[in-house]
């Protein structure tokens, strides 16, 4: 462990380039998912706005008279990925009329292929690479987050586990929203850690920008944004409650800056979501209703959890065991092209740590080490207190909300929680290793997990 701390700084960059190369190498071979077709079709909004210059085509239409299916998808989903995909389509000379059709989940693979729902092969590879590069950048940002908040050895291990996690690779490599989703989440966390090291006003601005980007990437990041803002406001709230005389001014000023960062995040989110411009409050309420309706439809069609016990079992299976999931619709198992793609992908060296997802016993060990890592972090006085609170609020809050709010046994709905638990696991393993090899850093830091 001391050796890692003495390595020159360029080793960090080399490590992250190697991870990015590995992640990108498997983008072309990851098994196909029907949502890739739909996300690529949604890229037409880029053409409407930047090529045709016709903003009216993406503004909210309260009558639902013009292209209601397009509007439904536009309100349900984030904008970052589809704008990236639309830009790539434009670079390749594709217009809306040249794109594939939406994937119809009521039909089989061959029927969708016959009706033109399979994307152009070259365009699919480009959009997948764009998503994967966002995921690779997220891994680099995650490395920096852990390095700043904890230490360098933990950052190496955590970023490696992040980049090699099979479900992270499956979903982040596809032309879907997960690449930008996880990138937004990591940027938000890095901005918060940077802010808590020095509460200067420009860092509040950056926090607001990253929060707006994160929610624009995928709406479910709003929960993590709320947790991060709570962590950033915790210390000034406490100081304000304890203040006497004029001492309330400094913490109050910090809370005002937190509120300003929140306002910046809302502004940037709206800037990146022109569909909301005409009626933002009405659109926000409608989006919540549409997302609730989508979840209910998914549960009705694909089958969801029937009890909290099932939710807890699914949480354990997809978070700690890490069961790999290539498709959510059971009939995909019967599609020969998809089965062949899965077999080829699993047989390659590009599928990540395939030991993950194969053992409930390893899942229990992961659970135990994660718990011990969180407990040790809560008692580690060498970590900046505000950074420690941030990591704990983020991880515990995300775990509880994910457990409670996830209605379906779908691995990708658990992806945003994986970085937090990977961080705790890595922290635990590094501290154990440091104690075993008598790392002076670990000795000085103290390793008694339960003292």
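In my numbering, the protein residues as written are 2 to 452. Cβ atoms here follow ideal geometry from the backbone N, Cα and C, with glycine treated the same way.
Self-check item: Contacting residues, own chain, Cβ-Cβ under 8 Å from residue 395 (five flanking each side not counted)
Solution: 190, 225, 228, 229, 232, 421
Quiz item: Contact between the region 142-155 and the region 322-341: three or more CB pairs below 8 Å?
Solution: no
Quiz item: Out of curiosity, what's the CA-to-CA distance linking residue 204 and residue 101?
Solution: 42 Å
Exercise. Could you check the C-alpha separation between residue 128 and residue 429 for me, to the nearest Å?
Key: 37 Å
Practice problem: Starting from residue 11, follow the alpha helix (DSSP H) in both directions and report where the run begins and ends. | Solution: 11-26
Quiz item: Alpha carbon to alpha carbon, what distance is there between residue 364 and residue 438?
Solution: 26 Å
Quiz item: Using the beta-carbon count (16 or more within 10 Å), is residue 83 buried or exposed?
Solution: buried
Quiz item: Just the Cα atoms here: how many angstroms apart are residue 217 and residue 80?
Solution: 6 Å
Practice problem: Please classify residue 20: is it buried, with 16 or more other beta-carbons within 10 angstroms of its beta-carbon, or exposed? | Solution: buried
Self-check item: CB-CB length for residue 326 against residue 168, believed under 8 Å
Solution: 7 Å
Quiz item: By a C-beta neighbour count over all protein chains shown, 10 Å radius and 16 as the cutoff for buried, is residue 70 buried or exposed?
Solution: exposed
Quiz item: What's the call for residue 382, buried or exposed, on a 16-neighbour Cβ count within 10 Å?
Solution: exposed
Quiz item: If you compare alpha carbons, which of 33, 343, 146 is closest to residue 119?
Solution: 33
Exercise. Apply the 10 Å Cβ neighbour rule to residue 1 and answer buried if 16 or more other Cβ atoms are within range, or exposed otherwise.
Key: In the structure as shown, the chain starts at 2 and stops at 452, and residue 1 therefore has no counterpart that could be examined.
Quiz item: Three-state secondary structure (DSSP) at residue 187?
Solution: helix
Quiz prompt | Limits of the alpha helix (DSSP H) - the one that residue 177 falls within | solution = Per DSSP, residue 177 belongs to no alpha helix (DSSP H) and is neither H nor E.
Quiz item: Going by beta carbon distance, what residues of the same chain come within less than 6 Å of residue 446, once the five residues before and after it are set aside?
Solution: Confidence in residue 446 is poor, its pLDDT being 43 and thus under 50, which makes the residue's placement unreliable; the coordinate value appears in the next sentence. Around residue 446: 383.
Quiz item: Just curious, the alpha helix (DSSP H) that residue 83 is in, first and last residue?
Solution: 81-92
Exercise. Would you tell me roughly how many angstroms separate the C-alpha atoms of residue 196 and residue 206, rounded to the nearest one?
Key: 10 Å
Quiz item: Within this structure, are the beta carbons of residue 75 and residue 59 separated by less than 8 Å?
Solution: yes
Exercise. Please state whether DSSP places residue 29 in a helix, a strand or coil.
Key: coil
Self-check item: Euclidean distance between Cα positions of residue 215 and residue 186
Solution: 6 Å
Quiz item: Can you tell which of 302, 314, 40 has its C-alpha closest to the C-alpha of residue 412?
Solution: 314
Self-check item: Within 8 Å, strictly: CB atoms of residue 1 and residue 40
Solution: The requested residue 1 does not occur in the structure, where the chain is confined to residues 2 to 452.
Quiz item: Three-state secondary structure (DSSP) at residue 166?
Solution: coil
Quiz item: How many angstroms separate the CA atom of residue 1 from the CA atom of residue 88?
Solution: There is simply no residue 1 to check, as the chain begins at 2 and stops at 452 in what is shown.
Quiz prompt | Distance between residue 283 and residue 161 (C-alpha atoms, nearest Å) | solution = 43 Å
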